[in-house]
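Trainee:
8 protein chains.
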Amino acid sequence: MSDMNPDQVLELLGKVRDGTLTPDQGLDRLKHLPFEDLGFARVDHHRTLRQGFPEVIFSPGKKPEQVARIVKSLLRQKSNILITRTDVATYNRVRRVTAKAQFHASARAITIAQDPNVYGEGSIYVVCAGTSDIPVAEEAALTARLMGNIVETTYDVGVAGIHRLLNIRESLTHASVVVVVAGMEGALASVVGGLLSVPVIAVPTSIGYGSSFGGLASLLAMLNSCASNVVVVNIDNGFGAGYVASLINRKRKN
Amino acid sequence: MSDMNPDQVLELLGKVRDGTLTPDQGLDRLKHLPFEDLGFARVDHHRTLRQGFPEVIFSPGKKPEQVARIVKSLLRQKSNILITRTDVATYNRVRRVTAKAQFHASARAITIAQDPNVYGEGSIYVVCAGTSDIPVAEEAALTARLMGNIVETTYDVGVAGIHRLLNIRESLTHASVVVVVAGMEGALASVVGGLLSVPVIAVPTSIGYGSSFGGLASLLAMLNSCASNVVVVNIDNGFGAGYVASLINRKRKN
Amino acid sequence: MSDMNPDQVLELLGKVRDGTLTPDQGLDRLKHLPFEDLGFARVDHHRTLRQGFPEVIFSPGKKPEQVARIVKSLLRQKSNILITRTDVATYNRVRRVTAKAQFHASARAITIAQDPNVYGEGSIYVVCAGTSDIPVAEEAALTARLMGNIVETTYDVGVAGIHRLLNIRESLTHASVVVVVAGMEGALASVVGGLLSVPVIAVPTSIGYGSSFGGLASLLAMLNSCASNVVVVNIDNGFGAGYVASLINRKRKN
Amino acid sequence: MSDMNPDQVLELLGKVRDGTLTPDQGLDRLKHLPFEDLGFARVDHHRTLRQGFPEVIFSPGKKPEQVARIVKSLLRQKSNILITRTDVATYNRVRRVTAKAQFHASARAITIAQDPNVYGEGSIYVVCAGTSDIPVAEEAALTARLMGNIVETTYDVGVAGIHRLLNIRESLTHASVVVVVAGMEGALASVVGGLLSVPVIAVPTSIGYGSSFGGLASLLAMLNSCASNVVVVNIDNGFGAGYVASLINRKRKN
Amino acid sequence: MSDMNPDQVLELLGKVRDGTLTPDQGLDRLKHLPFEDLGFARVDHHRTLRQGFPEVIFSPGKKPEQVARIVKSLLRQKSNILITRTDVATYNRVRRVTAKAQFHASARAITIAQDPNVYGEGSIYVVCAGTSDIPVAEEAALTARLMGNIVETTYDVGVAGIHRLLNIRESLTHASVVVVVAGMEGALASVVGGLLSVPVIAVPTSIGYGSSFGGLASLLAMLNSCASNVVVVNIDNGFGAGYVASLINRKRKN
Amino acid sequence: MSDMNPDQVLELLGKVRDGTLTPDQGLDRLKHLPFEDLGFARVDHHRTLRQGFPEVIFSPGKKPEQVARIVKSLLRQKSNILITRTDVATYNRVRRVTAKAQFHASARAITIAQDPNVYGEGSIYVVCAGTSDIPVAEEAALTARLMGNIVETTYDVGVAGIHRLLNIRESLTHASVVVVVAGMEGALASVVGGLLSVPVIAVPTSIGYGSSFGGLASLLAMLNSCASNVVVVNIDNGFGAGYVASLINRKRKN
Amino acid sequence: MSDMNPDQVLELLGKVRDGTLTPDQGLDRLKHLPFEDLGFARVDHHRTLRQGFPEVIFSPGKKPEQVARIVKSLLRQKSNILITRTDVATYNRVRRVTAKAQFHASARAITIAQDPNVYGEGSIYVVCAGTSDIPVAEEAALTARLMGNIVETTYDVGVAGIHRLLNIRESLTHASVVVVVAGMEGALASVVGGLLSVPVIAVPTSIGYGSSFGGLASLLAMLNSCASNVVVVNIDNGFGAGYVASLINRKRKN
Amino acid sequence: MSDMNPDQVLELLGKVRDGTLTPDQGLDRLKHLPFEDLGFARVDHHRTLRQGFPEVIFSPGKKPEQVARIVKSLLRQKSNILITRTDVATYNRVRRVTAKAQFHASARAITIAQDPNVYGEGSIYVVCAGTSDIPVAEEAALTARLMGNIVETTYDVGVAGIHRLLNIRESLTHASVVVVVAGMEGALASVVGGLLSVPVIAVPTSIGYGSSFGGLASLLAMLNSCASNVVVVNIDNGFGAGYVASLINRKRKN
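Chains as they are written, first to last, in my numbering: chain A, 30 to 283; chain B, 30 to 283; chain C, 30 to 283; chain D, 30 to 283; chain E, 30 to 283; chain F, 30 to 283; chain G, 30 to 283; chain H, 30 to 283.
1. Closer than 8 Å, CB to CB, is Ser-161(B) near chain H or not?
2. Please state the DSSP three-state secondary structure of Met-33(H).
3. Where does Val-206(D) fall in DSSP's three states?
4. Using a Cβ-Cβ cut-off of 8 Å (strictly less than) and excluding sequence neighbours within five positions of Glu-181(A), which residues of its own chain qualify?
5. Leaving out the 5 sequence neighbours to the left and right, which residues in its chain are closer than 7 Å to Phe-87(B) when beta-carbon positions are compared?
6. Would you list, in chain order, the members of the stretch 234–246 of chain F that have their beta-carbon closer than 8 Å to a beta-carbon of chain E?
7. Please report whether the beta-carbon of Val-45(F) lies at a distance below 8 Å from any beta-carbon of chain D.
8. Residue range of the alpha helix (DSSP H) that Ser-102(B) falls in?
9. Out of curiosity, what's the CA-to-CA distance linking Leu-225(F) and Val-208(B)?
10. Looking at the unbroken alpha helix (DSSP H) that takes in Glu-181(G), where does it start and where does it end?
11. Reducing DSSP to helix, strand and coil, say where Gly-149(G) ends up.
12. Does the Cβ-Cβ distance between Thr-140(E) and Asn-109(E) come in under 8 Å?
13. Can you pull the chain G neighbours of Val-38(A), defined as C-beta to C-beta under 7 Å?
14. Since Ile-153(E) meets chain D, which of its residues come closer than 8 Å, beta carbon to beta carbon?
15. Please classify Ile-264(D): does DSSP put it in a helix, a strand, or coil?
16. In whole angstroms, give me the CA-to-CA distance for Gln-37(F) and Ala-130(G).
17. Is the beta carbon of Arg-122(G) less than 8 Å from the beta carbon of Glu-94(G)?
18. Could you confirm whether any beta carbon from chain F is found closer than 8 Å to the beta carbon of Ile-141(A)?
19. Against chain H, does Ile-191(F) count as a neighbour if the rule is that its beta carbon must be under 8 Å from one of theirs?
20. Would you mind stating whether Asp-265(E) and Ala-211(E) have Cβ atoms separated by less than 8 Å?
21. Taking 8 Å as the cut-off, does the stretch 223–243 of chain G touch the stretch 237–255 of chain E (at least 3 CB pairs, one atom from each stretch)?
22. Answer yes or no: do Leu-252(F) and Ala-158(F) have a C-beta to C-beta separation smaller than 8 Å?
23. Would you say Pro-145(B) reaches chain E, if we count a Cβ-Cβ gap shorter than 8 Å as a contact?
24. Can you tell me whether Leu-67(H) is buried or exposed? The criterion is at least 16 other CB atoms within 10 Å of its CB, across all chains shown.
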């Protein structure tokens, strides 16, 4: 992508140099340049500027036609595309734009993979407590995969059957970061956190009834985890967990 | 204890028989007898009527002198006495009433053991998650002991160090009922519940800070436990947990 | 069920003895055995290993076809099968798998009784406050029955007509454990608790409106019961209450 | 008390009549008269205008000296005076103003009785669940007595010992209105409500711990009472309950 | 209604008198009589025993056919019948049972008036804040009318147009008790309370959006009213408010 | 509009002057005049009395026919008409009453512009954080426009892309008052507040999921803003924000 | 205050013009200038840059010595100084720095008036509901006065005595903006809002007990006000209310 | 540290090999070995086994003497020691055990640095919003430093003065992970998150008043951040944030 804004400033400074503009006029124009022309736009465009960041389309409230149009415009870039919280109708429409589109029913997501590179240094492990938590876990796993990570998953390792979790402890310790998805009492985050010494990203889910209050019980449990390596994202926010896990696992710049 | 009320009714019926009272007068008097004279008092007096139930004095709001006076009047019965949420000052005063009084600093309780019988069939196991939960766990253990149970305890088996818990799993499986005391995220209840097939009484504690909201996080986690054998009592209610554990463990009447 | 895992370890030890494996190799293999091979699987499989525990299928999110398939695979075992929070459509499909299936409309449950044994020592009594609480009460009663208990029920004994409750007090005192199901203000748990000296399992229901906040009012009331023998499960959790009541009532091993 | 305001209006109308003021000037003056001069002040002064309403001083935030000064100014009226949420220091100061002042330690109130008349038609009954609820119950009873009612009280009739309540059911049915004061699970309101067909004013108290959340548990229980004759006031608001009970019991005007 | 229970006791006493039973046998039989035979049933049956209490059918969860059957059985008594939270379908079915049935669309209620007597001493005034609050206000008014009261109503007197309320202040002061129905900020209860010296029953409604949280804002406002004569019922509980207002207004027994 | 009420009082005073009424009779009649006749009606009618205040119809619960009828009666006045939270069906019906009606789909509002005057001194700027917040922002903008203000809008300036906000900072500083509409974490209100020295009206929206709890997260954030110039209205209350912004921007009377 | 930053940019541009720097070097230096040198600092310094904005010191957590030192450094500017939530000890220390310091006990504030100018166009009226709300109301009034406004106050006009409020309605209508301070049920905001057509800033206070939940009841009531001209600030935030009221009342730039 | 447990198993296997134990006896002994002897202890001891993990002592509830004794026993290891939420008294006592102890007043922490190695790959940046948030920020920074990281800090960069934050944006982009500490509305997390493409750990603090509800407002805001790279820890949990930041920044094993 051509970096136009510094050019604009350079041009302005060139005019000051050759006298087309006085310094005062230069100052005045500088003040009226749109903010991003001064170079700050980069803070927003980091996704496309840095390789491996997918384009993300949050589907709710958008019609299939709208999503398809956005996809079309994004396809030119070589980054992967992730469409979250979507449905089959949207998939069918997007499919007509690109044959690369894949529908992931349980994660309610469409992925369009264009960039096969691996950007992660280690691997990311996603575990969830119950079968009802799988959609959120899948969203996290898909996000991490689309961001160029090797992702391993084990579902249904709730703490009420602790041996199932202990059976995968060895594999867990090889991950660079672990995402734990759990509704109800959310205890899995603490137990996994206690087994490991890598960052654990806990995702409370709205699975439960009665006093789970839409995921509040799980959310509070995770925030109050006795394991020091647990951090928390919003209820059902599988995307956010996969996203941050990818950032943590990313190869360092240096 | 003399059972006066049935006597009163008998006397009344005797007067009906010998004509001192007509049936109509009898009916009228029956209606004006205090309720408990009709035998319902038993529902309230079960504690003293049935062996092994301790007398319990809830200390807050009572002066040492008052507690001592109550103790004095209760000593005549042969049951054990438990004074909860109390302090050294009260203990010193009660000690002058009976040399049997013992102070349990961490449980903030005074016990007066008069009945050495064992009323429990199996044993009760009390575990807690952190050292800060010990006072509540001790209250539960003391209550169960005073109610004639063999009580085993292991403290500081938080889920962040799951092997400590797994180390005692064998002993846990021998208990008839297990009390789990935990603050913060309260995950221990679910993990213990999942290891066992006996009833688990979960006691959330107010230990924690920030979004633990005085024990709410732990309470909700326990109510939403994925283990089906977990029941819950109020925050910090070690007494209640020990009490119900004792009822469960009690030898059956038949 | 054959207990394969100890066999595996025995075989390994046999190879160490006869020199097929050096002790170092044995240690290495031990470390790589799946966790449950070391005997811990038992903690999870207690249900099938111990007689009288039903197989439970939580129906929500499962299609009739899926439930039927699970039922088919479970029928080989001789234990009872309980399908909770289900519907007629599922029943019709399960019915084609086994003629033993029975639908309980008010409890929204399907039962398949294969094990007629009684495992409970005493009896379990289930009471509920209002007619709207009956589905939850029925779920508790069904669960307890399928777990081999004699279960008595009386519905609609709300505290606003206290004499209805007092009329059954005699029967209540004969139970080993009582389940109290109540929405609205949940007062029934305390009143029943006060009448009895056995454990009372309180189930708040989401019945109510306005400031009942989906069962919160009843839940809080039960947790704060002035009766010491009351423990609480999650809102509408009839299954959990019946399950724990069964554990309490179960014949002791010794 | 002289009724000055109508006089002012009359005087004004007199001036219109005799031409001192034109109708237009009269209209203008009417518009600028303070609002209460038009007679609306009475809505505020109903307490002193109608016999039997006490003067109430809410003590918190006021120094003994201030309270004493207010008392002094109120003594001239013949109504009773009630000082709520106060202490001994204030009492000692008020005592120097009038020897009629009485201190009620448990209710934390000072009363100054000047009007011995009975304004209530029937009687008011105040019951409370536990000994810790007595201060609030006493505040309700004192308020009702100072407002000229015959007040009966029975404390410590918690639902966990239902026979104690049933023993006084006869007396309760003779009251015109009943005040029920209860903390913890607040079940007493529903049970009393169910026994009676008169209005029951329920006062939740902040007594309790853990998930009582400062009286919230009791408040919600009372609002969700299954007894249709229960109304509720704020947590610990004994004064309000006694006040409304008095209004209900008051002799009708006609 | 024949009063059988005292007869049973009388018969028993007769047998004691004539020697058919010894006093001991009499005592034993007394203990086994159902509770209500001792006369306590009356506490429950007060509605039918005392004139002017309507029969109330809470419609939700009942099919038109069921409601009609209940109505049929109740018609024999001469009391009024109120069916709450119902619909046209139910009305059409009930209409076939009795031509006296009337449907009140906004109150979602059916009334069947059989008892034209006035049982109230004074009058009851029902006001509500907004047009959306009318259904709840109508339920309160209908309930009070069916219980034999003269009921006056003024709707849409929200505090944002205080003069509309002030215009009816005169009428309000003639009522024996006032019901105030308001959603949103619920301020109307305090303003009406401040204008009057009779009991004010406040009904918060679930009308509002955002931070009204289903009526919580209004409920809390009413509980914290600065007017001492305000008591509160549950959110949207128009029936309860009309019921208690009727109890307050009822002619005294003496 | 003719001002009848003062006339009534004048007429009354005239009768006093000419002796038709004695002053006493005058006083009596004054007391019985409806309250608003004394001039207080003005407090309610301020909208129509003062130019530039639109007539507002809150649509929910009203049928298209009803809305159309209200519109018809309001059209005679020359003020603008705003119908909020409405739909196409209502629009189609209103359109038949007046061709001036315009439907604003995203704001779910109908406007009928009759008064083209500008009543605002400066301009009002409405910004919102995300595309989902636009309906609420549009409601605010429409309201302000109908109240005679110049309104500028920029949508989708969420704080996660702070440069977009900074790009419009210059324009923002020219506004007299700024409305900030944001869901999720509601941070935009604080950032905008910090950039400006004019009043900022913050509107939390219910946009979000999980722990946004229907807008509570955003509401609390805005109430706790570290910027001193931020005030808050109810969740999703775009109308209220636009209304108050108009009041602030209104030309002063003097 | 000298405006150095534009000078720096000018100097840089001057160097570009005269060839000391090439345009490329100029661009590079521009990028490394601290952000505020580009002129954005103004957004922060608006207070001191614009006349009439006071310097505000939030006292909690600062020692008297620290506050005094800050005051000393601020005195050089000619703006007024406001120290909030402070005490006598701090006042005594500040008094030694400047004799202009005044202590306002009820508002817990120190003011140092240096700028006597009036910046407000109209007047600000502050009303509060109860005597306990006065400290917050005083903080609002002091803030507004220090920001150069004519401020009128009337305290203790709670809605339970509505005529007191109606008596000042005339004065209220003359204000440009009204601040309403109220705890308990917070109804005053709606009533005042309904009387006026200017912006009303509502300040909930933490005054109340029980279910006022530290001001939550009042806060929710104000947010749900049925009066469209009410906006809300945080609980007890008198300063914020006075601050925004001043912004609203400020003379327009044009 | 010698690894005894595998040795024990090896010894056992040796005995099997040489016939001292039969395979059956070996199996039996394996079953009775403490759990951790099977190698699971590692999951708990990871801190000491892996270099750079400090020993952490949570001070509340421990007496200075106790803390000193723990410190003494830990000194032998070469790891750093961190004592959190402590005070000067404890420091004075610890100081007598080791001269390396340093007290950090604002962070309320004692550090004992023994391991000067840098374990972090990049740097960690800690920012906080207000001066009151500094103690929590300092705790995070200290923790990260003791875990071998280069830590940069900038405090008091609240969003109300956004340019202060923008001034450090360049430095922020060089960090591997950023910790954001903020009370009140917690908006800083979203703004920082939006500027960067590295993980941001958000720490809500309990700083605020009124509706901040002890940090709840800030917590909810951070959980609902519109920036995808924000994860959250418990209120005031500076230690947890510093801990996880260190894990993220840690050099990869490979």
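The C-beta atom is built at its ideal place from N, Cα and C for all residues, glycine as well. Keep in mind that this is a model prediction, so the values were computed, not measured.
Mentor: Based on what the coordinates show:
1. Any Cβ of chain H closer than 8 Å to the Cβ of Ser-161(B) would place that residue at the interface, and such an atom is present.
2. The predicted position of Met-33(H) is uncertain, since its pLDDT is 33 and thus under 50; a value taken from the coordinates is nonetheless stated next. The DSSP-derived three-state label of Met-33(H) is helix.
3. Here Val-206(D) sits in strand by DSSP.
4. So the qualifying residues of the chain are Ser-152, Ile-153, Tyr-154, Val-155, Ser-200 and Ala-204.
5. The residues are Thr-113 and Arg-114.
6. Within the stretch 234–246 of chain F, the residues whose Cβ lies closer than 8 Å to some Cβ of chain E are Ser-235, Gly-243, Gly-244 and Leu-245, listed in chain order.
7. Chain D places a beta carbon closer than 8 Å to that of Val-45(F), counting this residue as a contact.
8. For Ser-102(B), the enclosing alpha helix (DSSP H) covers residues 93–104.
9. Here the alpha carbons of Val-208(B) and Leu-225(F) stand approximately 58 Å from one another.
10. First-last for Glu-181(G): 179–183, but that is the beta strand (DSSP E), not the alpha helix (DSSP H).
11. Reduced to three states, the DSSP call for Gly-149(G) is strand.
12. Inclusion of Thr-140(E) and Asn-109(E) in the CB contact set at 8 Å is warranted, their separation being smaller than that value.
13. Within chain G, the residues whose beta carbon sits less than 7 Å from that of Val-38(A) are Leu-56 and Leu-59, listed in sequence order.
14. Neighbours of Ile-153(E) on chain D: none; closest Cβ ~13 Å, over 8 Å.
15. In the structure shown, Ile-264(D) sits in coil (DSSP, three-state: anything other than H, G, I, E or B).
16. In a straight line, the C-alpha of Gln-37(F) is about 56 Å away from that of Ala-130(G).
17. Yes.
18. So no, Ile-141(A) is outside the interface.
19. Chain H places a beta carbon closer than 8 Å to that of Ile-191(F), counting this residue as a contact.
20. No.
21. For the pair of segments examined, the stretch 237–255 of chain E was found to touch the stretch 223–243 of chain G: the number of CB pairs separated by less than 8 Å reaches three.
22. Between Leu-252(F) and Ala-158(F), the gap from beta carbon to beta carbon reaches 8 Å or more.
23. The beta carbon of Pro-145(B) does not come within 8 Å of any beta carbon belonging to chain E, so the residue lies off that interface.
24. Model confidence at Leu-67(H) stands at a pLDDT of 39, short of 50, so the residue's coordinates are unreliable and nothing is read from them.
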